[in-house]
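This report concerns only the one structure given below.
As structure tokens, then:
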């Protein structure tokens, strides 16, 4: 008589944990490895970006729109930094690297170069300057007219481009099978983790060692689906930021993960480098 293996059950539908949510978080997904943790940081930035874009879209007066655009620089800057951190994790974290498909690492340098070239984050670069010097308050190191001159250089279509570049690279990284997720268990010394989608494994642990495989569930919804849904919503809601002929994301094509998987980089290749200008001193 053939042996019967462990049954696989259908799991409930879960969503990514929202740190500011007021609902019961017991059933939500949370990161359980370094790559997922860095992706989760990107998601938090995206959630704040979404709110700020909604505020900008609702502004009817130009100076009010400009002020709200200035506030967008904080989560947008954080998004670019978090995408860069995720890229670095893919290239330098041994645990992440060993989960990468063969040859997938070859395009990581080009992706990092595209992010660095087109999103002006760093010393004396525009997005960082506006965020550091004016987003929360006018920094004491600059005068009011300097702050005005700096903010004047901030155009909605530039913010849109920086957003699209950051999102485009994040979409490529979302394809990689490097993310591990967990959810809370109701029993002591029991962990629930999804290291390989779509299987959520429940295990008993003693002294940091797995001593029993307790069950396997097939997840109803990938946590990465929450990320892609959020990205699509932001892209759809932010097209007003662009001029008619500006390069921008206009649709989505699902392609295979192959040696040329990061084809978004090719879309950025014809763009010029982000122009950097320092604020003009005014007396």
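In this note's numbering, the protein residues as written are 3 to 285.
Using N, Cα and C, we set each Cβ at its ideal position, and we do this for glycine too.
Tell whether a beta-carbon distance below 8 Å holds between residue 229 and residue 251.
As a position in the chain shown, residue 229 is number 227, starting the count at 1. As a position in the chain shown, residue 251 is number 249, starting the count at 1. No, these two residues do not count as a Cβ contact at 8 Å.
Quick check on the burial criterion: 16 or more other C-beta atoms within 10 angstroms. Buried or exposed for residue 92?
Numbered from 1 along the chain shown, position 90 holds the residue referred to as residue 92. With 16 or more Cβ atoms within 10 Å of its Cβ, residue 92 is classed as buried.
Cα-Cα, which of 210, 145, 104, 113 is closest to residue 179?
For the purposes of this step, residue 179 is identified with residue 177 of the chain shown, where counting begins at 1. Looking at the Cα atoms, 104 is the closest of the given residues.
Given this structure, state the Cα-to-Cα distance separating residue 136 from residue 254, to the nearest angstrom.
In the chain shown, counting from the first residue as 1, residue 136 sits at position 134. In the chain shown, counting from the first residue as 1, residue 254 sits at position 252. Distance between the alpha carbons of residue 136 and residue 254: 35 Å.
With a cut-off of 8 Å, do at least 3 Cβ pairs link the region 42-57 to the region 14-26?
yes
Among 131, 125, 89, which one has its Cα closest to the Cα of residue 113?
Within the chain shown, residue 113 is the residue found at index 111, counting from 1. For the residues 131, 125, 89, the minimum Cα distance to residue 113 belongs to 89.
Integer-rounded CB distance, given that residue 129 should sit under 8 Å from residue 75
What you label residue 75 is simply residue 73 of the chain shown in a count that begins at 1. What you label residue 129 is simply residue 127 of the chain shown in a count that begins at 1. With a Cβ gap of about 6 Å, residue 75 and residue 129 count as contacting.
So the alpha helix (DSSP H) residue 153 belongs to, where does it begin and stop?
Counting from one through the chain shown, the residue named residue 153 turns up at place 151. Where residue 153 is concerned, the enclosing alpha helix (DSSP H) stretches over 146-154.
Can you find the residues in the same chain that come closer than 8 Å, C-beta to C-beta, to residue 11, ignoring five residues on each side of it along the sequence?
Indexing the chain shown from 1 puts residue 11 at position 9. Only 217, 218, 219, 220 meet the Cβ criterion.
If we count the other Cβ atoms within 10 Å of its Cβ and call it buried at 16 or more, is residue 121 buried or exposed?
Along the chain shown, read from residue 1 onward, the residue named residue 121 stands at position 119. Flag for residue 121 reads buried.
Kindly confirm or deny that the region 63-75 and the region 206-215 touch, where touching means at least three C-beta pairs closer than 8 Å.
no
Which whole-angstrom value is the C-beta distance of residue 269 and residue 170, which I expect to be below 8 Å?
On the chain shown, residue 269 is found 267 positions in, with the first residue counted as 1. On the chain shown, residue 170 is found 168 positions in, with the first residue counted as 1. That belief holds up - the Cβ atoms of residue 269 and residue 170 are roughly 7 Å apart, short of 8 Å.
What residue from 29, 139, 36, 71 has the CA that sits closest to residue 156's CA?
Against the chain shown, residue 156 aligns to sequence position 154. For the residues 29, 139, 36, 71, the minimum Cα distance to residue 156 belongs to 71.
Counting along the chain, where does the beta strand (DSSP E) carrying residue 204 start and finish?
As a first step, residue 204 is located in the chain shown; it is residue number 202 there, counting from the start. Start and end: 201-208.
Element boundaries [beta strand (DSSP E), containing residue 169]
Working through the chain shown from its first residue, we reach residue 169 at position 167. Segment 158-176 is the alpha helix (DSSP H) holding residue 169; no beta strand (DSSP E) there.
If we call anything under 8 Å between Cβ atoms a contact, is residue 98 one with residue 173?
What you label residue 98 is simply residue 96 of the chain shown in a count that begins at 1. What you label residue 173 is simply residue 171 of the chain shown in a count that begins at 1. Not a contact, by the Cβ cut-off of 8 Å.
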